[in-house]
Structure formats: C-alpha cells, structure tokens
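Presented below is the structure to which this report refers.
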Amino acid sequence: MTTLLISDLHLNPAAAEITESFLGWLETRARDCDALYILGDFFDAWIGDDLLDLAGSDPTGHADLAVRVAQALNDLAQRGTAIYLMHGNRDFLLGERFAERAGATLLPDPSLVSFGDQPVLLMHGDSLCTRDDAYMAFRAQARDPNWQARILGMPLGERIQLARQLREQSGEANSNKADDIMDVTPDEVVKVMADYGVTTLIHGHTHRPAVHALDIDGKPAQRIVLGDWQPGHGWEIEVGNTGKPELREIWI
2 MTTLLISDLH LNPAAAEITE SFLGWLETRA RDCDALYILG DFFDAWIGDD
52 LLDLAGSDPT GHADLAVRVA QALNDLAQRG TAIYLMHGNR DFLLGERFAE
102 RAGATLLPDP SLVSFGDQPV LLMHGDSLCT RDDAYMAFRA QARDPNWQAR
152 ILGMPLGERI QLARQLREQS GEANSNKADD IMDVTPDEVV KVMADYGVTT
202 LIHGHTHRPA VHALDIDGKP AQRIVLGDWQ PGHGWEIEVG NTGKPELREI
252 WI
C-alpha cells in the first residue's frame, strides 16, 4: 500500500511549467499509488464549479486548465487510486461537481485518517495561524455558507475580478506581516493534536517544508509540513507499508 500527499501547487494558467510537472508526476510517480491526498491550494484560485462550463471559451485559460486537471485525476482514479481533495485558503469554493469530475472525494479540514494502525490528522494549515488576526477574520467569512452562496451567485466575470483583487490584497497584506505571524501558532498546534488524540499532524499552507518534533501530553509527536510546488520541483509525503510518513523534495 502506498499513499502520497501533496499540497500548495497553486495551479493557474500563468504557471504552465508547474501544471505540466504535476501531470507528468501523475503519470509516473503517482501512477500506481493506492491513495492520493491533496491538502489544499491545489488551484491558485477557484471561482466556482460552473467554471467547467467555459472550457474552450474562457480567454483566461482557467476553465481549460480545470477541465484538463480534472480529467487527469479521473484517469488516475479509474486505475484504482482513491483521490481526496481538501480546501485551502485559495480554492475554498471547490465543490462536489469538480470532485465528481475528477473522481475525487472532498475532505473536511481537519480530517482524521489512519495510515497503517496510526491515526494521523490532516489539515491545510491556515486555521493554525491564529496570530494573523486579519486573515482569521477573512477565513471565518470565507467559510460561511451564506457568504459563499452570495459569491457563487455573482456573474462569472465579477467572480474572476474578485478573485484577482483578493490575490492582490493578500500579497500586499502579507508583505507587511512578520514571518512568525504567517506561520502556525505553536500552542494551537499542540491543542489541536491533543484534541484529536494524535501524535502526527500533516499540513501545508505555510510553504515551510519541515518535520518538527513535538511533545503531546508527554508523548513524542511530529508535525510534518508539505512545501509548495515551483517550476521543476515540488514536495510530497509518501506513506508505505510501515505507515510512517516520509517527507521528500522531488525534482520533476
């Protein structure tokens, strides 16, 4: 049994090299895996599943990208790989229609899974950054079903413009924040892991790949952080028969 986990690909038409690397990775590295978990920010932005209807007529290229990626994932699923998608802070509007098109299952954040006989907590990671008050306020708004319904009720053109504005605002805001504010809050990590009774947490979001040793209620524990993908390389976690997650940088 082989399970692979990835996060933070930020797929978008302007980063074609990353898209091609990912599609190649699906056909090689992931081809025979039993399960694939994508832990958020798979797309750099997602404005609604009705984007799929614009394939062939969307001048921005987002629709064609979405359809192509969904088909590639579905091809993998048809070969027997279980695929799981988790929302990130960029693609929180990913819905059941895209998941069905991709042959995938949407996972709540956080999700408790088992690798071997070990319980493991999976998260995107943004909810752990509790020192970033401005972001946490936006996150609460963006996860509100009523707010999401209002956004999805807007014409596609307005949603595309809104997504662009949100990305620009996020970039400007982050440039003025201290690094530790945008990283996870250590006390929140310990609290969440203790609440779920786990000694292993896997997440992305921060773009700071590492394995952190922790102590949870007197037990040795670990927080494994997936890195983001860049042209030519990315990050994955492999879980083999032992059930032990192994973080590695991959060159594609």
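FYI, my numbering numbers position 104 of the sequence shown as 105, with every residue one higher than the one before it. Ideal Cβ placement from N, Cα and C applies to all residues, glycine included.
Of 152, 67, 243, 3, the smallest CA-CA separation from residue 167 is found for 152. Proximity to residue 241 across 24, 37, 11, 26 peaks at 37, based on C-alpha coordinates. In the three-state DSSP reduction, residue 171 falls in the helix class (H, G or I). Under the Cβ criterion (8 Å, minimum of three pairs), the segment 116-127 counts as touching the segment 187-200. In chain order, 64, 67, 68, 71, 98, 99, 102 place their CB closer than 8 Å to the CB of residue 53, counting only its own chain and leaving out the 5 sequence neighbours on each side. Under DSSP, residue 113 shares a beta bridge with 122. Per the coordinates, the alpha-carbon of residue 182 lies some 22 Å from the alpha-carbon of residue 11. In this structure, residue 129 and residue 186 form a Cβ contact; the two beta carbons are roughly 6 Å apart against a cut-off of 8 Å. At the C-beta level, residue 8 and residue 62 stay beyond 8 Å of one another. Rounded to the nearest whole angstrom, the CA to CA distance from residue 85 to residue 249 is 20 Å. Collapsing the DSSP output to three states places residue 234 in a strand.
The alpha-carbon separation between residue 35 and residue 116 amounts to approximately 12 Å.
Under the 8 Å Cβ criterion, the segment 75-89 counts as touching the segment 23-34, having at least three qualifying pairs. In the DSSP assignment, residue 252 falls within the beta strand (DSSP E) that extends over 246-252. Put simply, the backbone Cα of residue 188 is about 25 Å away from that of residue 245. Taking the Cα of residue 212 as reference, the smallest distance to any Cα among 206, 44, 219, 223 is reached at 223.
Under the DSSP definition of a beta bridge, residue 224 partners with 202, 213. With contacts defined as CB atoms closer than 8 Å, residue 239 and residue 5 qualify as a contacting pair. Minimum Cα-Cα distance from residue 233 among the listed residues 225, 253, 220, 218 corresponds to 253.
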